[in-house]
Structures are given as C-alpha cells and as structure tokens.
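I have placed the structure first, in the form of structure tokens, so that the comments after it can refer back to it.
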Amino acid sequence: MECNVIASEEKIEMSKALSTLQFCNISYQIKTGKEKKLIIDDVSGRLEAGRLGAILGPSGAGKTSLLNILSGFKHKDVSGSIFVDGRLRNVKGFRKMSTYISQTFPMLENLSVYETLQVSADLKLGTNVSPQAKSENIKNILKMVNLVKCSNTMVYSLSGGERKRLTIAVELVTNPPIMFFDEPTSGLDSVASLQIITHLRRLAQDGRIIYCVMHQPGSKLLQLFDDILVMADGKILYCGALTNMVNYFESEGFHFPDFYNPADFVLEVANRDYAADISSLINRNTETYQLLNTSYSSFDDDEEIEMLKSRRKSKAIEILPINSEPICDNYKVNAFYQFRVLAQRSFRAMWRDVLTVQLRVVIHLLVGFLLGVVFYDMGNDANKVLSNASFLFFCVLFIFFGNALPALLTCPLETSVFIREHLNGWYSITSYYFAKLVSDLPLLFICPTLLSVIAYYMTGQPEELGRFVMFWGMGLLNGLLGQSIGLVFGSAFKLQTGIFLIPSTCIPVLLFSGFFIRKHELFNCLQPLTDIAYFRYSLEGLLQSVYGYNRTNLECEATFCYYKSADKFLHDMDMEGDNYGFDVLAILLYITALNILFYLSLFISVKRAQ
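The opening position of the sequence shown corresponds to residue 66 in the working numbering, with each subsequent residue numbered one higher.
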C-alpha cells in the first residue's frame, strides 16, 4: 500500500495492507436492571478497502455500538465472528493496525498541534525511527490534512474543522490501514463537514478501510461515500455500494421519490415512516453476508474449520466470542520511554495552565501574606494560643483543598485522553500512572513551601530550623494528601459529581480532627472515628511542630495566661506526647492507599470504556 505520510529518508514500519473486513452473526446485549436488552441482533456484513463507507440509521439503531464492536473497543456481552481477509481476527494484531476516533475526541488543550503529533509519533513509531524521520512524517501529515499554518497553534484555539482534522492527523502517524470514525462531522457546518469527508475519501482511496457513523448527511456529502450500511433496531437493512442502494430498496417495494436525498429516504424506511415491513430487507442482507459465503481455504487450523462447519449447520448466533483477548500489551516503546514522554507532556501542558499553575501559585502567595497579617506575631504569645491554633487549622484546610480541587478540575479531561490513547495502544496504565504522579510533584513542593515560609515567620512561630522543617514537611504531606484525593475523585467520577463528593466526604472528617471538639468529649462509640480522621494527623503534626518537643514557656504579657505552658495546651487538645513521626506515618499510609485507589480507578475506567 502506498503511503503518503511516510518520511522519504527513513521508512517507517507499516501494517500489512488489507482488502476486506467481514463480520458474521454479531450480537450485543446490555443489562438494564434484571433484564437484558439486545442492541445488535445477529448482523453480518463486509467492509471493503479503498472505499469510504458510512453507517446510517435513526437514533438508537445501534450504529455506534456496531462501530465499537468492529473496532475492538467493545467485547463484553458480544458474540459473533470477525474476519480480516478471510481469517479470524486476531485482536492484538488488529488493534495495532486499526484506530477508532470517537465523536468526542479529548485532547490536551495546552499543547500545540505539532506537539500533539510529536507525542503521538514518539509513542507509536518507536525508538527505531530517528527524530528527523518522525519530524518529516509529521510535516507530511500536516500537509495532508491542511494544518501546516496551524502547526504552532494551541489546541484550545483551533476551530471545529481544524480540531476534527487534527484528530485524524493524530492517528495517521502510523498510517493505519483500518480507521473508524463516530460522527466525524458532528458540530461542524456544511463547508467544514465537506472538507473532513473529502479528506477521509482521499485516505480511503489510498487503500484503507474507513467507515464512519453519519447522522444525516446531505446529498452532496453523501455522494462522497462509496459504500453505505443502513441499520434499524440493531439489524442491518443494507450493506453495499451507494450506487445500488436505491435500486435495492425499490426492489423490496419501497418507492424512491423523485429529487429526494437518498440518505433521507433510507432513514425514513429504517424509521418505518413508510408503514411497510422492513423484515424483507433484513432477511435479504442476512442471506447475502451469511457465514456460508466464507471460504474454508483461508483457515489453516482444522479445528477452526470443523467448528465453523458445525456452526453453519446449527446456525447458532454465538459463533465465536470476539475480543476475548486483552488489549495488546506489546507497545512500540518500553515502559520507561513511555513514562518519559508522558511526563514531559504533562509538565508542558500543566505549566501552561493558568488555573493549575499561575493562579494557584499566586493564591498561595496571597493567602500566605493574608495569614501573616491576620495572625501577625502570635506564635509566641501565651495569651493567643487558641488564635494561633486557628491559624494552624486554617493552614491544614487551605493547603488540602488548594491542592485537591485543582487536581479534581484537571483530572477528568486527562483521564478521557488517557482512556482514548491507552485503548488505541499508545502506552500502558502503569506508565501513565507514574507520569501523572511525578508531573504534579513540582507544584506540590512549590505551593505549600511558599505559604509555609511566608506565614510561619510573619506569624512569629519559633525561629528554630528543626521546628520549621517539621511545619513545612507536614504542609507538603497535607498537600500531597489533598492532591491524591483529588486524583481519585477526578478519575473515578464526572466533574460535577467530584465537586460535590470531595466537600461532602472531607468536611465531615473535620468534626473529628480535634479542633472543634476534643476526643475525650465525644461519646465512647464516636472516639474511634478520630483515629481514622486524616485531618487530625495533619493538625496534630502542625501543633507538635510548634508546641511539642519540650518547648519552653511562652511569653505572657497579660496578668495571667492559661496556656503559658505549651504542654498544657497539647494536653487539653488530647495531642500530648511527641507523636510527629506517628502523624507522618499515618498520612503516608493514607497517601499510599489513595494512590492505589487512583490506579484502580484508571483500570476500572478503561474497563468501563470497553
């Protein structure tokens, strides 16, 4: 197969050229409560290389579900067989040579067009291809999709049409012979839609198998397609050439009006607007593409041949479970290279984010000065110990939520990008997981450090290096704890749900932190809750850093100061004893548990997407 996007000086490895993709007796069902609903009902058809195809049908017909099955994204509760050039499809190999571009194609907004393609090239082409060849390949792709002028434009600044073309360019890096698109013209005007489909037609004419789910194409747009697949109620009415479609429907008794859009006509038939029985269309298509037409000679395994023969005789729906193998784990680059590329991308995207970096740093600076002004020089005043404790408690809250909420806001989009790229075989879950954790470390160091340095000395805390290090270290751990919770909720839930759940789950824990009510004042049945309240360990750690470890008596300028002794205050707070090390260990255990949950949430998100 001739490749238009391969660098001239160095050949990039390409997948084997294909001619057909045939699917037979595909069925797919989902559970709705206690019942099972059939989404795809025993359908068969054939996709041809070198021809641009469209899947048409009314809403709920099963178009996207069929595309997900053919692309390999869906495998649970799916039965049937898929053949590539007459042989049973090998899922691992198929996923390497195919790509699926969904209707919503998430991308990192703070990368340029060229940088987005660069990451794709680094992860998908491997280290055997030189940087010069990768760069030449990217330039050729930009020319093909007409994005040369936008190469340095940030993704968030692209128009709808440019963004759609970029989604195509991202997957063209490896020159895949099979491409699936779910409504590539969604949200675009007629001119931009025409440009997108024209690009896809050119790609198909190079020998690729390209099929798109289309909502309701106009007459001009429809003429760009070579093949049409029409669906209704999970069944296929027609699968074949566009030029034969109208005659096919008319031969079954459906009259085509003059001067009418063929797409509108078949959609009306599929929607039963003609008040006629469409079962004849379904039966005819089934007979055309039944497994009986598959040649035995293409199979090398005698057991496979005998199995297929027996299936033919019984005409069973469940021929073979497809996609029973896991997603391919043989990536083009090793885990460390994946980690390095992903970490660099995360650093670059993060530092360009106004909310995540710039505003976050400024707010920590301003709040540090605000705390210094409000609680100015109270750290050594025995008459203001309670106010100083309020300062420490506020530090706990601000550092925690100041790191949890930014992680929550950015994680859903990044998780969507991760799911798409992982399912398309770019990198492993583990590589993304460690890259994400490492890329957040600089801000988790900078922000709490700025607030700690400013607030600690302005509020007159003990001028002892050891105590400051304890105070600063607890601030870092508290920020890391907040970020870990933000990642868990951001990856496991939608943004709106996460915004509700974090305050709802964290604020009640504050009741048992020891600031509002002491442990000995609680009912006996509630006292154990203070031992699992992570805010208690953060607050106790800060109090220990300031008042613990044999601190001398505080200055008292009043006639009488009740808390002149620091030990007495810690005793009344039920936080006496030098427990700073235990507090650090407790918070580290929470951080470890949350990071494990973050990994599990990524794994579960991938499974849900399938």
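Ideal Cβ positions, reconstructed from N, Cα and C, are used throughout, including at glycine.
In the displayed model, Leu576 falls within coil according to three-state DSSP, outside both helix and strand.
Taking a cut-off of 8 Å for Cβ pairs, the stretch 437-455 and the stretch 584-594 do not touch, as fewer than three such pairs fall below it.
Close CB contacts of Phe246 within its chain, under the 6 Å cut and outside five residues either way in sequence, are with Ile166 and Cys277 (chain order). One Cα belongs to Val235, the other to Arg228, and the distance between them is close to 11 Å. For Val398, the CB contacts under 7 Å within the same chain, skipping 5 residues up- and downstream, are Leu188, Gly191 and Thr192 in chain order. Here Ile656 is not near Ser504, since their CB atoms are 8 Å or more apart. According to DSSP, Arg532 shares a beta bridge with no other residue.
Taking the CA atoms as reference points, Thr480 sits about 24 Å from Leu131. For Met539, the closest of Ala598, Phe465, His487 and Ile572 by C-alpha to C-alpha distance is Phe465.
Two segments are said to touch when three or more pairs of C-beta atoms, one from each, lie closer than 8 Å; by this definition the stretch 410-418 touches the stretch 170-182. Cys89 counts as buried, since no fewer than 16 other beta carbons sit within 10 angstroms of its beta carbon. Residue pairing by DSSP places Arg152 opposite Val149 in a beta bridge. For Leu287, the closest of Lys208, Leu121 and Phe580 by C-alpha to C-alpha distance is Leu121.
Cα atoms of Phe577 and Leu420: separation of roughly 32 Å, rounded to the nearest angstrom. CA-to-CA, the gap between Leu307 and Val295 works out to about 11 Å. Nearest Cα to Asn240 within the set Ile275, Glu248 and Asn217: Ile275.
Between the stretch 201-210 and the stretch 423-439 there are fewer than three inter-stretch CB-CB distances shorter than 8 Å, so the stretches are not counted as touching.
Using a Cβ-Cβ distance cut-off of 8 Å, the stretch 600-607 and the stretch 644-655 are in contact, since at least three pairs of beta carbons, one from each stretch, lie closer than that value. Counted as a single uninterrupted DSSP element, the alpha helix (DSSP H) harbouring Leu451 occupies residues Val450 to Leu488.
Gly606 counts as buried, since no fewer than 16 other beta carbons sit within 10 angstroms of its beta carbon. Taking the Cα positions, Leu431 is about 22 Å away from Leu473. When rounded, the separation of the alpha-carbon atoms in Asp291 and Pro282 is 14 Å. With 16 or more other CB atoms across the displayed protein chains lying within 10 angstroms of its CB, Arg154 is buried.
When C-beta atoms of the stretch 440-452 are compared with those of the stretch 561-570, fewer than three pairs fall below 8 Å, so the two segments do not count as touching.
The three-state reading of DSSP puts Asp639 in coil, since its state is none of H, G, I, E or B. Residue range Thr85 to Thr97 is occupied by the beta strand (DSSP E) that includes Ser92. Thr164 carries a strand assignment under DSSP once its states are collapsed to helix, strand and coil. Here Pro322 is exposed, its C-beta having fewer than 16 other C-beta atoms within 10 Å.
Ser222 sits exposed, since fewer than 16 C-beta atoms from the chains shown fall within 10 Å of its C-beta. Residue range Glu100 to Glu113 is occupied by the beta strand (DSSP E) that includes Lys102.
Contact annotation: Leu541 and Leu515 have beta-carbon atoms that are not nearer than 8 Å. If you look at Gly305, you'll find it in the beta strand (DSSP E) that goes Lys300 to Ala306. Every unbroken stretch of the beta strand (DSSP E) spanning 3 or more residues and falling wholly within the stretch 242-328 is given here in chain order: 243-247, 274-278, 292-297 and 300-306. Counting only runs that start and end inside the stretch 594-655, the alpha helix (DSSP H) elements of at least 4 residues fall at 599-612 and 631-637.
Residues of the same chain with a CB within less than 6 Å of the CB of Val238, apart from the 5 flanking positions on each side, are Ser185, Ala186 and Lys189 in chain order. In this structure, the straight-line span from the alpha carbon of Lys139 to that of Pro507 is close to 38 Å.
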